[in-house]
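Structure first, then comments.
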Amino acid sequence: MKEKWLAELWQFRELVYFLAWRDVKVRYKQAALGAAWAILQPLLSMVLFTLFFGRLAGIPSDGVPYPLFSYSALLLWTYFAGVLSQGGQSLVSNSNLITKVFFPRVALPLSIALSGLLDFTVGGSLLVVFMGYYKVQPGWCVFLAPVFLVGLILFTLGASMFLAAMNVWYRDIKYVTPFLIQLLLFATPVIYPTTFLPEQLQILMALNPLAGVIEGFRACLFQGRPPNPSLSAISLTMTVVVFVAGLVYFRKTERVFADII
Amino acid sequence: MSYSIVADDVSKSYQLGETQHTMLRDAFMGVVRSVLWPKKKERADRDVMWALNGVSLEVKRGEVIGLIGRNGAGKSTLLKVLSRITYPTSGRVEVNGRVGSLLEVGTGFHEELSGRENIYLNGSILGMKKREIDKAMAQIIEFADIGGFLDTPIKRYSSGMRMRLGFSVAAHLSTDVLFVDEVLAVGDVGFQKKCLGAMRELSDGGRTVVFVSHNMAAVENLCKRTIWIADGKVAQEGNTREVIHAYLNSFEPGHEQSLDLATVRERKGTGDVRFLKMEFLNEDGDEQRVLHSGDPVRIRFQYECQRDMRNLYFGLRIFSNLGTLISDIHSWATNQPIPLAPRGKGSIDLEIDVLNLTPGTYYAGLWAATPGEWHDVLDNVAKMDIQPSDYYGTGRAVDARFGLVFFSCRWNLPGNGQSGLIETAAALPTT
């Protein structure tokens with residue numbers, strides 16, 4: 021059963037690609053600045069955060085320049101927020117496809133997660149530029165960074181699948197999602213470092229998969245130290261839990277999508 | 172083994188009422204309520220509608236079958252269940268091979284994307300591989316006939332261009348199994364013909380096709396076997412011609428197959444002969460409920476004579492819906508009077524070999540006379556709705572645009588003293 025489903029998804033891989041390609045093509049159509057928004061979104065947030073949190077509030081940044089500190093997290097955060105809000109709508113906004121054609125429904129949230137990677141890559145290249153500018157050299161741990169990026173994608177995809185399936189029944193998701201994203205921003209070490217919190221709270225925070233992912237990513241990149249192992253372990257476990265739960269919920273409900281949507 | 176599609180006792184139910192789009196609030200309240208009053212059941216069975224109810228069917232590899240039935244009979248639901256868009260509530264469906272479904276033209280088109288981009292998008296949504304689309308690209312573009320608009324966003328397209336683009340992608344679909352729903356019901360007549368030709372090519376290619384349509388002429392032309400769905404069940408299946416015939420006969424009659432004429436007030440003549448009844452019968456003498464272009468028809472007149480009548484003639488006048496007399500068919504022309512019609516009731520049949528009227532509404536009047544004297548003349552007493560049919564067996568149904576009447580005929584090329592019949596073209600020209 022499981023293998024059959026995976027084999028079928030593999031058969032439809034080109035559809036996933038074309039759906040992602042459509043999202044990318046359409047995303048910045050008729051936007052005067054076009055694909056520049058891929059960089060502008062995290063960049064503008066970075067400027068704001070640096071002004072308000074770095075300068076005015078004087079929030080520490082683990083010994084890294086605050087702009088670089090916040091941008092590295094915002095890069096991941098923008099991916100998460102963008103993919104989750106679009107992915108949560110991916111079934112409802114493609115209801116015409118769901119009611120007219122068969123394909124593995126998971127292709128829809130999957131294609132959003134895929135198309136988000138392009139913006140991520142563009143934004144990532146700017147991160148490299150920043151690191152050069154601030155003369156921050158990554159240590160050997162940089163090779164661990166992809167683990168956290170995979171974690172980011174899995175968590176985002178898992179949450180997207182869950183919200184997308186819920187959205188088929190409850191259109192409230194559309195209104196809940198922005199609020200959820202905003203709330204999560206404060207529970208994630210984007211603006212502040214993990215060390216800003218007392219140790220017991222850090223463990224609690226790690227239940228939020230993004231906390232461990234972002235903290236780990238930053239640690240790999242800047243500090244030349246391995247990421248906090250207990251934080252990472254908790255967050256990555258939670259990531260897998262969310263991904264599996266999202267997938268199972270999606271698979272359990274997808275048989276009736278076409279009837280309900 | 173060699174079956175391409177097998178459906179075994181498939182049923183599908185839908186919840187009726189406000190269950191479709193609930194709000195979180197309702198779901199939450201539902202939970203609260205069920206905790207507080209766990210016994211109370213909210214929803215009764217009456218809210219369940221069975222769209223399909225125990226449908227079983229088998230389609231062989233390479234077979235082209237038609238699905239017909241009235242609106243809401245369950246055809247589209249069956250098509251969706253077979254193509255796995257939705258799942259049956261109970262029963263089993265098995266489809267072997269790559270599946271393509273054409274439930275509408277241009278599924279997944281995106282307004283902002285160009286025609287070319289949409290060809291890729293639509294093609295891949297319908298189940299084509301990229302290299303297949305690449306290969307068919309030139310043909311698709313040619314068939315769509317959208318000229319210089321290929322690289323323009325389709326939001327600038329006319330609805331006709333959009334449809335042509337959608338259909339031309341669909342026409343190049345190369346899956347093993349194809350589900351088609353009413354795709355032919357769109358577009359102008361010229362484009363419909365083109366689509367029918369493309370449909371025929373699709374079904375000639377050895378693939379399995381399930382074709383849902385209300386266009387009986389198209390079904391008759393494309394499908395050898397047809398399944399009639401009524402009330403979510405298979406009402407009849409088998410030879411297309413027979414199934415279509417049974418299906419059309421199930422309708423409320425388009426004309427009154429039996430008309431009581433005794434009570435008609437407006438009539439002229441001496442009244443020595445009065446029509447009592449007029450019946451439309453088929454070849455076997457049963458009531459004919461639906462009349463088609465080209466059908467043989469038997470019309471039975473029942474009359475009553477007040478006295479013995481010598482040399483009694485009968486006639487049937489057919490008028491167009493604008494009141495033009497199309498034909499006065501009578502026994503005077505064929506010189507078949509009833510030499511002596513005795514006092515009392517009698518009846519006479521008019522047999523028409525080929526009802527060569529094009530589809531539409533016609534009106535009939537009757538008369539009875541003896542030489543020099545009208546006895547009963549009735550105008551416009553019967554309405555006849557003539558249904559289209561594929562009289563020439565070419566898939567080109569006799570059409571109201573062909574005028575009021577059509578003829579049993581053929582075309583020949585003249586040659587050395589004898590003429591040769593031109594063979595019917597294999598497929599419709601795509602122009």
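If you read the sequences in order, they're chains V and Y.
Residues in the first sequence are numbered consecutively from 21, following this note's numbering.
Residues in the second sequence are numbered consecutively from 172, following this note's numbering.
Just so it is clear, CB atoms sit at the ideal spot from N, CA and C, and this is done for glycine as well.
Item: I'd like to know whether the C-beta atoms of Y:I398 and Y:V405 end up nearer to each other than 8 angstroms.; Value: yes
Item: Within the segment 205-245 of chain V, note down every full beta strand (DSSP E) run reaching 3 residues or more, in order along the chain.; Value: none
Item: Can you give, in chain order, each stretch of the beta strand (DSSP E) that sits fully within the segment 499-585 of chain Y and has at least 3 residues?; Value: 509-512, 515-523, 531-541, 544-558 and 583-585
Item: Name the residues in the segment 252-273 of chain Y whose C-beta lies less than 8 angstroms from a C-beta of chain V; which are they?; Value: S254, R255, I256, T257, Y258, V270 and S272
Item: Hey, quick one: how far does the alpha helix (DSSP H) through V:W97 stretch, first residue to last?; Value: Y86 to Q109
Item: Looking only at its chain, what residues have a beta carbon closer than 7 angstroms to the beta carbon of Y:R335, apart from the 5 residues adjacent to it on each side?; Value: A315, D316, I317 and F362
Item: So, helix, strand or coil for Y:T434, using DSSP?; Value: coil
Item: Can you list the alpha helix (DSSP H) stretches of 4 or more residues lying completely in the segment 301-343 of chain Y, in chain order?; Value: 301-315 and 330-342
Item: Quick check: Y:G279 and Y:I256, are their CB atoms within less than 8 angstroms of each other?; Value: no
Item: Buried or exposed for Y:K211, going by 16 or more other Cβ atoms inside 10 Å?; Value: Here Y:K211 scores only 46 on pLDDT, less than 50, and its place in the model is too uncertain to base an answer on.
Item: With a CB to CB cut of under 6 angstroms and the five nearest residues on each side skipped, what residues in its chain are close to Y:L419?; Value: V461
Item: In whole angstroms, what is the alpha-carbon distance linking V:I254 and V:R125?; Value: 30 angstroms
Item: Spatial neighbours of V:I223 within its chain, please: C-beta separation below 8 angstroms, excluding the five flanking residues on both sides.; Value: S250, L251 and I254
Item: Can you check which of these residues, Y:L373, Y:L344, Y:R327 and Y:Y562, is closest to Y:Y291 by C-alpha distance?; Value: Y:L344
Item: Distance cutoff 8 angstroms, beta carbons only. Does Y:L297 sit that close to anything in chain V?; Value: yes
Item: What residues are listed by DSSP as bridge partners for Y:S285?; Value: Y:P324
Item: Report all residues from its chain with a CB closer than 6 angstroms to the CB of V:L12; omit the five preceding and five following residues, and keep chain order.; Value: Residue 12 of chain V is absent from the structure shown; chain V starts at 21 and stops at 281.
Item: Which chain Y residues are close to V:R33, counting only those with a beta carbon under 8 angstroms from its beta carbon?; Value: In chain order: nothing, as chain Y lies at least about 10 angstroms away.
Item: Is the beta carbon of Y:G233 within less than 7 angstroms of some heavy atom of the ligand ZN?; Value: Questions concerning the ligand ZN fall outside what the structure shown contains, since it holds no ligand whatsoever.
Item: Measuring straight from C-alpha to C-alpha, what distance separates V:V142 and V:I59?; Value: 7 angstroms
Item: For V:L256 and V:A179, I'd like the C-alpha separation in whole angstroms.; Value: 14 angstroms
Item: Using a Cβ-Cβ cut-off of less than 8 angstroms, list which residues of the segment 115-140 of chain V approach chain Y; keep chain order.; Value: N116, L117, I118, T119, K120, V121, F122 and F123
Item: Just to confirm my understanding: we take V:L168, look at its own chain, exclude 5 residues before and 5 after, and list those with CB closer than 6 angstroms. What are they?; Value: In the sequence on display, residue 168 of chain V carries Phe and not Leu. Answer for V:F168: V233, G236 and F237, listed in chain order.
Item: Nearest to Y:P513 by alpha carbon, out of Y:F485, Y:N527 and Y:M480?; Value: Y:M480
Item: If you measure from the beta carbon of V:K24 to each beta carbon in chain Y, is any gap under 8 angstroms?; Value: no
Item: Do we get a CB-CB distance below 8 angstroms when we pair Y:Y291 with the residues of chain V?; Value: yes
Item: Just list the beta strand (DSSP E) runs in the segment 211-249 of chain Y, keeping only unbroken ones of 3 residues or longer that don't cross its boundaries, in chain order.; Value: 219-231 and 235-239
Item: Please list the terminal residues of the continuous beta strand (DSSP E) segment that includes Y:V181.; Value: Y174 to Q186
Item: For the segment 563-573 of chain Y and the segment 517-526 of chain Y, state whether three or more C-beta atom pairs, one from each stretch, are separated by less than 8 angstroms.; Value: no
Item: Which full runs of the alpha helix (DSSP H) of 4+ residues lie inside the segment 129-195 of chain V, going along the chain?; Value: 165-189
Item: Would V:W25 be called buried (16 or more neighbouring beta carbons within 10 Å of its own) or exposed?; Value: exposed
Item: The alpha helix (DSSP H) spanning Y:E413 covers which residue range?; Value: T411 to N420
Item: Once you ignore the five residues that flank Y:D524 on each side, which residues in its own chain have a CB closer than 8 angstroms to its CB?; Value: P467
Item: Return helix, strand or coil for Y:V380, following the three-state DSSP convention.; Value: strand
Item: Take V:P80 and list the residues in its own chain whose beta-carbon comes closer than 7 angstroms to its own, dropping the five residues that flank it on each side.; Value: P213 and F216
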